[in-house]
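Structure record follows, encoded as structure tokens.
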Amino acid sequence: MADHDLTGFERGTFTHDGTTHRILRRGTGPAVIVLAEIPGITPKVLEFAERVAAIGCTAVLPVLFGRPGRDADPAHIGRLKAGLYMASSIGKVCVSREFTVLATGKSSRVVTWLRALAAQEHERCGGPGVGAVGMCLTGGFALAMAADERLLAPVLSQPSLPLALTRSRAGGIDISAGDLATVRGRCEREGLRVVGLRFCGDRLVPGDRFDFLRRELGEAFTAVELDDSAANPRAVTAPHSVLTEHLIDEPGQPTRAALDEVLDLFRTRLLGQRHGPAVEAPAVEVEGEL
Numbered sequence: 049m050a051d052h053d054l055t056g057f058e059r060g061t062f063t064h065d066g067t068t069h070r071i072l073r074r075g076t077g078p079a080v081i082v083l084a085e086i087p088g089i090t091p092k093v094l095e096f097a098e099r100v101a102a103i104g105c106t107a108v109l110p111v112l113f114g115r116p117g118r119d120a121d122p123a124h125i126g127r128l129k130a131g132l133y134m135a136s137s138i139g140k141v142c143v144s145r146e147f148t149v150l151a152t153g154k155s156s157r158v159v160t161w162l163r164a165l166a167a168q169e170h171e172r173c174g175g176p177g178v179g180a181v182g183m184c185l186t187g188g189f190a191l192a193m194a195a196d197e198r199l200l201a202p203v204l205s206q207p208s209l210p211l212a213l214t215r216s217r218a219g220g221i222d223i224s225a226g227d228l229a230t231v232r233g234r235c236e237r238e239g240l241r242v243v244g245l246r247f248c249g250d251r252l253v254p255g256d257r258f259d260f261l262r263r264e265l266g267e268a269f270t271a272v273e274l275d276d277s278a279a280n281p282r283a284v285t286a287p288h289s290v291l292t293e294h295l296i297d298e299p300g301q302p303t304r305a306a307l308d309e310v311l312d313l314f315r316t317r318l319l320g321q322r323h324g325p326a327v328e329a330p331a332v333e334v335e336g337e338l
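The numbering of the sequence shown is the working numbering, which starts it at 49 and goes up by one.
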């Protein structure tokens, strides 16, 4: 897959409390904040955003690291280039004060910025609330964002923080105790539903992490745990990215069923429908480079 030239995505910026990040948008309808995995907004992440737009939502992608549209698949660009790009993105995250990589019981500072973005997009796009999908490093951000009542559909796809270097880190997730208590309360009072996705053999997302979420959120947490054999065999890397790199986008495939469950969550919570028809959102072409 070649680099994506971002055709069909509107480009802009958002600033909150002195911090500015670029953003991409596609579609119309209630907003879904799509948080990319390391190394950034790849063509596969953009494909997922297009699927979100196709059901009648606005996909909003903040650029937190990496170059939007750049193909990072080792099968396409080689292991060396892919590794260097990955290392560059990881390096930015590790030195940034916005991200909490190792600590347990703590929400990353970028979550405050993301909540403000969600609030703006809710006002801009309308609807009953906002959805959010976090992937890998950003997986837990979607959970912490749900401390805001506007977040109605949080999805945690292969949430990888904190890095599972010890048993305590493997059995937790990057959210503060206060934010977690707020989310738990919303689950109990409002029927908030949290969806988590992982491959069972993924060492970055240990089973203890999902066990923790089951204990904390009870039946409000829906765990989608897939056998490694369900991952796309064409992917060079080990099974990890459920909605993007390791997706087999064919009916009957477990990863496709996981994608459909995520989209159905957005239909149900944001559009007031279930298993509705997919409608292609109009493309928006905006001149200029990010």
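We treat Cβ as the ideally placed atom computed from N, Cα and C, and that holds for glycine.
Return yes when the Cβ of Ala-306 is within less than 8 angstroms of the Cβ of His-294, no when it is not.
no
Between the region 196–210 and the region 105–122, do at least 3 Cβ pairs fall closer than 8 angstroms?
Output reads no: the region 105–122 does not touch the region 196–210.
Express the C-alpha separation of Asp-227 and Ala-5 in angstroms, rounding to a whole number.
Missing from the structure shown is residue 5; the chain here goes from 49 to 338 and no further.
Cβ shell of Pro-330 (< 7 angstroms), same chain only, five flanking positions each side left out
Confidence at Pro-330 is low in this model, with a pLDDT of 38, below 50, so the placement of that residue should be treated as unreliable; the coordinate-derived value is given next. Short of 7 angstroms from the beta carbon of Pro-330, and not among the five residues preceding or following it, lies no beta carbon of its own chain.
Contact check, Leu-54 vs Gly-117 under 8 angstroms by CB: the rounded distance?
5 angstroms
Out of curiosity, what's the CA-to-CA distance linking Arg-198 and Arg-315?
16 angstroms
Can you tell me whether Lys-92 is buried or exposed, with buried defined as 16 or more other CB within 10 angstroms of its CB?
By the 10 Å Cβ count, Lys-92 comes out buried.
Measuring straight from C-alpha to C-alpha, what distance separates Gly-182 and Leu-72?
16 angstroms
Under the DSSP definition of a beta bridge, which residues are partnered with Ala-79?
Thr-106
Roughly how many whole angstroms lie between the Cα atoms of Asn-354 and Ile-296?
The chain is shown only over 49 to 338; residue 354 falls outside these bounds and no answer can be derived.
Mind checking who Leu-204 pairs with in its DSSP beta bridge?
Gly-182 and Gly-244
Close-in-space but distant-in-sequence residues of the same chain around Tyr-133 (CB under 6 angstroms, 5 per side omitted):
For Tyr-133, where only same-chain residues beyond five positions count, the Cβ hits under 6 angstroms are Pro-87 and Ala-120.
Proximity winner among Ala-135, Pro-210, Arg-304 and Asp-196, relative to Arg-251 (alpha-carbon distances)
Pro-210 is the residue among Ala-135, Pro-210, Arg-304 and Asp-196 whose C-alpha sits nearest the C-alpha of Arg-251.
Identify, in the order they occur along the chain, each residue of the same chain with its Cβ nearer than 6 angstroms to the Cβ of Gly-77, setting aside the five sequence neighbours on each side.
Gly-104, Cys-105 and Thr-106
Three-state secondary structure (DSSP) of Ala-271
strand
If you reduce the DSSP assignment to three classes, tell me which class His-64 lands in.
strand
Between Glu-95 and the rest of its own chain, which residues show a CB-CB distance below 7 angstroms, the 5 nearest in sequence each way excluded?
Around Glu-95: no qualifying Cβ.
Measure the alpha-carbon distance for Val-231 versus Asp-196 and round it to whole angstroms.
8 angstroms
Three-state secondary structure assigned by DSSP to Val-327:
A caution first: Val-327 carries a pLDDT of 41, below 50, which makes its placement in the model too unreliable to give a value.
Three-way DSSP call (helix, strand, coil) for Leu-191 in this model:
helix
Quick one: what's got a C-beta closer than 8 angstroms to Gly-336's C-beta in the same chain, skipping five residues either side?
Residue confidence is low: Gly-336 scores 37 on pLDDT, short of 50, so the model does not pin down where it sits. Its coordinate-derived value is still stated next. Correct list, in chain order: Arg-59.
C-beta contact flag for Glu-169 and Ser-156 at 8 angstroms
In this structure, Glu-169 lies away from Ser-156, with their beta-carbon atoms at least 8 angstroms apart.
Nearest by alpha-carbon distance to Ala-126: which of Leu-319, Glu-309, Ala-50 and Val-178 is it?
Sequence inspection shows Gly at residue 126; the Ala mentioned does not correspond to that position. That would be Ala-50, whose Cα lies nearest to the Cα of Gly-126.
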